[in-house]
Amino acid sequence: MTFTKAATKTKTLLNGVKIPILGLGVYKAAKEETERIVYTALKQGYRHVDSAEFYGNEREVGLAIAKFLKDTPTVSRGDIFYTTKVAPTCLGYEEAKMAIARSLERVKEIDYVDLFLIHSPVPDAEKRLGAWKALQEYYEQGKIKAIGVSNYNIELLEELLNWDGLKVTPVVNQFELNPWLVRKELCDYCVSKGIVIEAFSPLTRGFRMDDPALQQVVKKSHPDKTPAQILIRWSLQMGFIPLPKSSNEQRLLANLESLDFELSDEDMKILTHENDYYVSNPAFDPISKKYLTF
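Here the sequence shown stands for residues 1 to 294, where the numbers follow the UniProt record's numbering.
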């Protein structure tokens, strides 16, 4: 299987929606660069883009997808998976309804959102659950194909799953994961509930590229691969959906090529540091910091 074909490989969410196993993250992608980056990635074979209102580039992502679909008649809207998120500052029923409407309007050219997440929890349970109520309503209207959460720990997932107002089960939990941040208990819980795990910052924002274990795997097992490719591959083999980002055309392609090889069991063992706890962005840590504050 070539990596271009592998890019269309999917997981099936609890509600039957299929999600590509590798996505493109656009956090901190400049507005003026986002449309180019996303269009380039789609041309290379990416079929999954992860944005958020908090990122400030939803409009540009939507325009890039629409342009790509117009220019590529062999690809349909159903082949592209687009994710966005309700910002933590917009939780609460009414606030979330308005935020969802804004996000849908920004990407009106692509008709709907494939996955809508709560970006991060806030201390107020009424606001958390109110936002979920709003997401459920848009889901039931068909404007959103799947809904989930981000940066939720076990306690907050249980709160949602046991809520009397729950009509639609969360199908995804997105949080930071890497070989030095395995979060086994949280991951095991998500798997037990059928919740698909997405990994943001799978490349540790570049901070662990010189790690001895990572370098060992590159040099001994995969000298033709980059540390970034090894990290993405680790995430894939852990069963996560990694969301690496890049604005560089060559690195975008290299990240996609992570679909084209495998790590051995020994490689995975060398890489995986279950006793470490390396968080590149502590503000979004669901374990040590339950709620995002401003």
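C-beta: ideal position from N, C-alpha, C; glycine also.
Remark: C-beta atoms of I241 and G92 do not approach each other more closely than 8 Å. Pairing P227 with M209 gives a Cβ-Cβ distance under 8 Å.
Counting along the chain, the unbroken alpha helix (DSSP H) around L271 starts and ends at 265-271. With the rule of 3 Cβ pairs closer than 8 Å, the stretch 253-268 does not count as touching the stretch 76-96. With contacts defined by Cβ atoms closer than 8 Å, A64 and Y39 form a contacting pair. Here H119 is actually not in contact with P170; their C-beta atoms are around 13 Å apart, not less than 8 Å. DSSP places S150 in the strand class (E or B) of the three-state scheme. T12 carries a strand assignment under DSSP once its states are collapsed to helix, strand and coil. In the three-state scheme derived from DSSP, where H, G and I count as helix and E and B as strand, A199 is classed as strand. Using a Cβ distance threshold of 8 Å, A134 and L13 do not count as a contacting pair. The Cβ atoms of Q136 and K167 sit closer than 8 Å to each other. Under DSSP, N173 takes part in a beta bridge, and its partners are V149, I197. Contact between the stretch 218-232 and the stretch 35-55 is absent, with fewer than three C-beta pairs closer than 8 Å.
If you check the CB distance, R77 and D111 come in under 8 Å.
In this structure, A66 sits near E109, with a CB-CB distance shorter than 8 Å. About 5 Å separates the beta carbon of Y82 from that of D114, a gap short enough to meet the 8 Å contact definition. In the DSSP assignment, K85 falls outside any alpha helix (DSSP H) and within the unbroken beta strand (DSSP E) covering 81-86.
The C-alpha of V218 lies about 35 Å from the C-alpha of K85. Between the C-alpha atoms of R36 and R251 there is a straight-line separation of about 14 Å. Rounded to the nearest angstrom, the gap between the Cα atoms of V191 and D71 is 38 Å.
With respect to the 8 Å criterion, R183 and I287 are classified as neighbours on the basis of their beta carbons.
For N255, the secondary structure class from DSSP, reduced to helix, strand or coil, is helix. At a Cβ-Cβ threshold of 8 Å, W234 and L271 count as neighbours. By a beta-carbon distance limit of 8 Å, R102 does not contact G62. Their separation comes to about 12 Å.
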